[in-house]
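What follows is a short report on a single structure.
Numbering (UniProt numbering), first residue to last: 1 to 465.
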C-alpha cells in the first residue's frame, strides 16, 4: 500500500517504522529539519521536505497514487486541512487525522463522518491514554493490556509477586480455567521458549490471554490484589490527565494536582460539578504531599508533561506509602529512566505511544488483522486476526498440524459468540477470529499471510438460473 505520513515527530516516525517493516511504501512529509534529512538513511522510505498544504508538495510525494494519508502533526487544524486537500485534489480513499482539541473531539461523530469533513479515522492520543490507564485500574496487578474480541478478551502482562498462590508451580497450572491461556513468559527481560513446564518464580513476567470476566481471578494467582480503589490522585498538566480525571470522577473520588495557575483556573470551571478536588500545587513538593495526605490515596497517577516529574512524583508517593503508583513516560525510554529508579520504584511505567501507535496500526492494517496491541516498547505484539474463507492451510486443520511462524503463541478463538481455547486438537473454521501473542511483532505479516487465501484461490460463486 502507498502511504503518505504528514508529520515527522515521534509518533509519525515510529508509525513509519512499523509500516515500512510491514512492506508498505511510505513517504514522509514535513518542514525541513535535520531529523527529517536523516530519516531516509535509517528507514526504507521517501522523504519530501515542504509544506503539506501545498498541492505541489503533495504531488511530489505521489498523492495521485496514494491509498492512505495519515496526518499526525501537533496542529489539529493543519491535520484536518491536509486530509481535506488530499481528498479534494487527489481523491485519496482513506484519511486518518490526529486530533487533540477537546471541543473538536466532543463533536467528532458530526464532524468526522466522511461527509462533513473527509476524515475516516480520528486518533485522539489523550483519549487513548486515558482509556488504557482506566483499563489498568480495573485490572490491579496488570502493567499493560489490550482488549480484543469486542472487548471480551484481555491480553496483558503481569509480574509474579510475593504471595502469589501459584509461585513454585508450573506455568501450566495457570491454565486450569479453559478461558485463560498463558501466551508468554519473560525472565530477566528475555523470552523463554517452551515455557509451559517452567516453574513460576518471583519476578517472572507473564503474558496472558483471558476472558475479561475471569481476568481478576487469573491475576490473583500471580500475587495479592489491591483492595478496590476509592480515592485516586492525579498529577496533571495534560489533556490526558484532564480526560482521566473526568472519567474516573464517575466512579471514584479524584484529587487533580495542576501546577500551572492558568490551567488550574480553567479547570476549576470545568470540574465544578464533578467529583474532582482541584489543587494548584507541585506534585513533587513533600510539604504539599503531607499536608493533603496524598499517600493515603488508593492510587497515584503521574500524568504531567514531564517524564522526570512523573517518575520522581511516583517514587515519592510510593516511598510515603501509597499502595499503587503509575507514571506516564512519553519521551524517555525505559533504559534512560533506569538511573532515576531507586529502591522505591513506581509500580507501572506507562508508555502511551504504544497504545497510540497500536490504535493507528489497527486502523491501517488490512489482511484480516482486526486489532493490534504492541508490547515491550513495540518489540512484541498481540493481534486479533480473521481466519478467511479459502485459507486452505488453516481451515479444517488442527492447531497441532499447522506450521506456525516462530514466536507465535496462540490464545483464544472467537467463533460466533463462543470463546474457545487454542488446544492442539482445535480445528479452525472460516470466520474464526484468532487472538495470538507474538514475541517478535515482525512475524505478524507471516501470521496474517497464513490465515488468508493464497493468491490463486477463487471463491465459490452460486449461479442462479
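Glycine included, every Cβ here is placed at the ideal spot set by N, Cα and C.
On a predicted model such as this, the values are computed, not experimentally measured, just so you know.
Alpha-carbon spacing of residue 19 relative to residue 25, whole angstroms: In the chain shown, counting from the first residue as 1, residue 19 sits at position 19. In the chain shown, counting from the first residue as 1, residue 25 sits at position 25. Cα-Cα distance, rounded: 8 Å.
- request: Please state if the CB of residue 284 and the CB of residue 244 are separated by a distance shorter than 8 Å.
  value: Looking up residue 244 in the chain shown gives position 244. Looking up residue 284 in the chain shown gives position 284. Not a contact, by the Cβ cut-off of 8 Å.
- prompt: Relative to the C-alpha of residue 351, which residue among 383, 267, 131 is closest?
  reply: For the purposes of this step, residue 351 is identified with residue 351 of the chain shown, where counting begins at 1. Nearest C-alpha to residue 351: 131.
Every unbroken beta strand (DSSP E) within the segment 130-184, with a cutoff of 3 residues, ordered by chain: Uninterrupted beta strand (DSSP E) stretches at least 3 residues long and entirely within the segment 130-184 occur at 142-148, 153-159, given in chain order.
query: What separation, rounded to the nearest whole angstrom, lies between the Cα atoms of residue 97 and residue 373?
result: Position 97 of the chain shown, counted from the start, is the residue given in the question as residue 97. Position 373 of the chain shown, counted from the start, is the residue given in the question as residue 373. Looking at the two C-alpha atoms, the distance is approximately 20 Å.
Status (buried if at least 16 other CB within 10 Å, exposed otherwise) for residue 402: Taking the chain shown and counting its residues from 1, the one referred to as residue 402 is at position 402. That one is exposed.
message: Quick test of the definition: if touching needs 3 or more C-beta pairs under 8 Å, does the segment 229-240 touch the segment 118-131?
response: yes
message: Please classify residue 179 as buried or exposed, where buried requires at least 16 neighbouring CB atoms within 10 angstroms.
response: Reading the chain shown from its first residue, position 179 is the one you call residue 179. Taking all protein chains shown into account, residue 179 has 16 or more neighbouring C-beta atoms within 10 Å of its C-beta and is therefore buried.
query: What residues in its chain sit with their C-beta under 8 Å from that of residue 230, if we drop five residues either side in the sequence?
result: Indexing the chain shown from 1 puts residue 230 at position 230. Excluding sequence neighbours, residue 230 sits near 252, 253, 298.
query: Does the segment 401-417 touch the segment 430-445, meaning 3 or more C-beta pairs lie closer than 8 Å?
result: When Cβ pairs closer than 8 Å are counted between the two stretches, the segment 430-445 is seen to touch the segment 401-417, the count reaching three or more.
- prompt: On the premise that residue 62 lies in contact with residue 382, defined as a C-beta separation below 8 Å, what is that separation, rounded to the nearest angstrom?
  reply: Numbered from its first residue, the chain shown carries residue 382 at position 382. Numbered from its first residue, the chain shown carries residue 62 at position 62. With 8 Å as the limit, residue 382 and residue 62 do not qualify as a contact, their Cβ atoms being about 33 Å apart.
- request: Could you please give the first and the last residue of the uninterrupted alpha helix (DSSP H) stretch that includes residue 488?
  value: An answer regarding residue 488 cannot be provided, because it is not within the stretch 1 to 465 covered by the chain.
- prompt: Taking the alpha-carbon positions, what's the residue 340 to residue 81 distance?
  reply: The residue given as residue 340 occupies position 340 in the chain shown. The residue given as residue 81 occupies position 81 in the chain shown. Note that residue 340 scores a pLDDT of 49, beneath 50, so its modelled location is shaky and nothing firm can be said.
query: Would you call the segment 203-212 and the segment 177-194 touching, i.e. three or more CB-CB distances under 8 Å?
result: In this structure the segment 203-212 touches the segment 177-194; the number of beta carbon pairs closer than 8 Å is three or more.
Inter-residue CB distance, residue 184 and residue 207 (contact presumed, cutoff 8 Å): Here residue 184 corresponds to residue number 184 of the chain shown, with the count starting at 1. Here residue 207 corresponds to residue number 207 of the chain shown, with the count starting at 1. About 3 Å; that satisfies the 8 Å criterion.
message: How far does the beta strand (DSSP E) with residue 82 in it extend, from its first residue to its last?
response: In the chain shown, counting from the first residue as 1, residue 82 sits at position 82. Following the DSSP letters along the chain, one finds residue 82 in no beta strand (DSSP E) but inside the alpha helix (DSSP H) bounded by residues 76-90.
- prompt: In the DSSP assignment, what residue or residues form a beta bridge with residue 270?
  reply: What you label residue 270 is simply residue 270 of the chain shown in a count that begins at 1. According to DSSP, residue 270 bridges with nothing at all.
- prompt: Looking at residue 443 and residue 395, is the spacing between their C-beta atoms short of 8 Å?
  reply: In the chain shown, the residue the question calls residue 395 occupies position 395. In the chain shown, the residue the question calls residue 443 occupies position 443. Not in contact: residue 395 and residue 443 (Cβ atoms no closer than 8 Å).
task: Return the chain-ordered list of same chain residues with a C-beta closer than 6 Å to the C-beta of residue 66, the five sequence neighbours on each side being excluded.
output: On the chain shown, position 66 is the one that residue 66 refers to. So the qualifying residues of the chain are 2, 4, 92.
query: residue 377: which of 354, 397, 370, 364 sits nearest, CA to CA?
result: Within the chain shown, numbered from 1, the residue matching residue 377 stands at position 377. Among 354, 397, 370, 364, the Cα nearest to that of residue 377 is on 354.
message: According to DSSP, simplified to helix, strand and coil, what is residue 190?
response: Along the chain shown, one-based indexing puts residue 190 at 190. Strand at residue 190.
Closest residue to residue 379 among 160, 186, 71, 441 (Cα-Cα distance): Residue mapping note: residue 379 aligns to position 379 of the chain shown, counting from 1. The candidate whose alpha carbon is nearest that of residue 379 is 441.
task: Mind checking which residues open and close the alpha helix (DSSP H) that includes residue 227?
output: Taking the first residue of the chain shown as 1, we reach residue 227 at position 227. First-last for residue 227: undefined, no H or E at that position.
- prompt: Using the C-alpha atoms, what's the distance from residue 307 back to residue 256?
  reply: Here residue 256 corresponds to residue number 256 of the chain shown, with the count starting at 1. Here residue 307 corresponds to residue number 307 of the chain shown, with the count starting at 1. Rounded to whole angstroms, residue 256 to residue 307 spans 18 Å at the Cα level.
query: Residue range of the beta strand (DSSP E) that residue 211 falls in?
result: For this step, residue 211 is matched to residue 211 along the chain shown. Where residue 211 is concerned, the enclosing beta strand (DSSP E) stretches over 205-211.
- prompt: Looking only at C-alpha atoms, which of 398, 452, 392, 356 sits nearest to residue 99?
  reply: Your numbering for residue 99 matches position 99 in the chain shown. Comparing Cα positions, the closest option is 356.
message: Quick check on the burial criterion: 16 or more other C-beta atoms within 10 angstroms. Buried or exposed for residue 406?
response: Counting from 1 along the chain shown, the entry for residue 406 is found at position 406. Counting Cβ neighbours within 10 Å, residue 406 comes out exposed, since fewer than 16 surround it.
- request: Just tell me which of 122, 423, 391 has its CA closest to the CA of residue 399.
  value: The sequence position of residue 399 within the chain shown is 399, counting from 1. The shortest Cα separation from residue 399 among 122, 423, 391 belongs to 423.
field: For residue 30, the three-state DSSP class (helix, strand or coil)
entry: Within the chain shown, residue 30 is the residue found at index 30, counting from 1. For residue 30, the secondary structure class from DSSP, reduced to helix, strand or coil, is strand.
- prompt: In the DSSP assignment, what are the bridge partners of residue 409?
  reply: Residue numbering aside, residue 409 sits at position 409 when the chain shown is read from its first letter. In DSSP, residue 409 forms a bridge with 437.
query: Span of the beta strand (DSSP E) holding residue 428?
result: Stepping through the chain shown from its first residue, residue 428 is reached at position 428. Counting along the chain, residue 428 falls outside any beta strand (DSSP E), and DSSP gives it neither H nor E.
query: CA-CA distance, residue 259 and residue 327?
result: Along the chain shown, one-based indexing puts residue 259 at 259. Along the chain shown, one-based indexing puts residue 327 at 327. Rounded to whole angstroms, residue 259 to residue 327 spans 16 Å at the Cα level.
task: Counting only the same chain and skipping the five closest in sequence on each side, list residues whose C-beta sits under 7 Å from that of residue 17.
output: Locating residue 17 in the chain shown gives position 17, where the first residue counts as 1. 43, listed in sequence order.
Distance between beta carbons of residue 385 and residue 451, contact taken as under 8 Å: Stepping through the chain shown from its first residue, residue 451 is reached at position 451. Stepping through the chain shown from its first residue, residue 385 is reached at position 385. Residue 451 to residue 385, Cβ: 5 Å. Contact.
Where residue 239 sits in the DSSP three-state scheme: Counting from 1 along the chain shown, the entry for residue 239 is found at position 239. Three-state result, residue 239: helix.
query: When the distance is taken between beta carbons, is residue 247 closer than 8 Å to residue 134?
result: Residue 134 sits at position 134 when you count from the first residue of the chain shown. Residue 247 sits at position 247 when you count from the first residue of the chain shown. Against a cut-off of 8 Å, the Cβ pair of residue 247 and residue 134 comes out as a contact.
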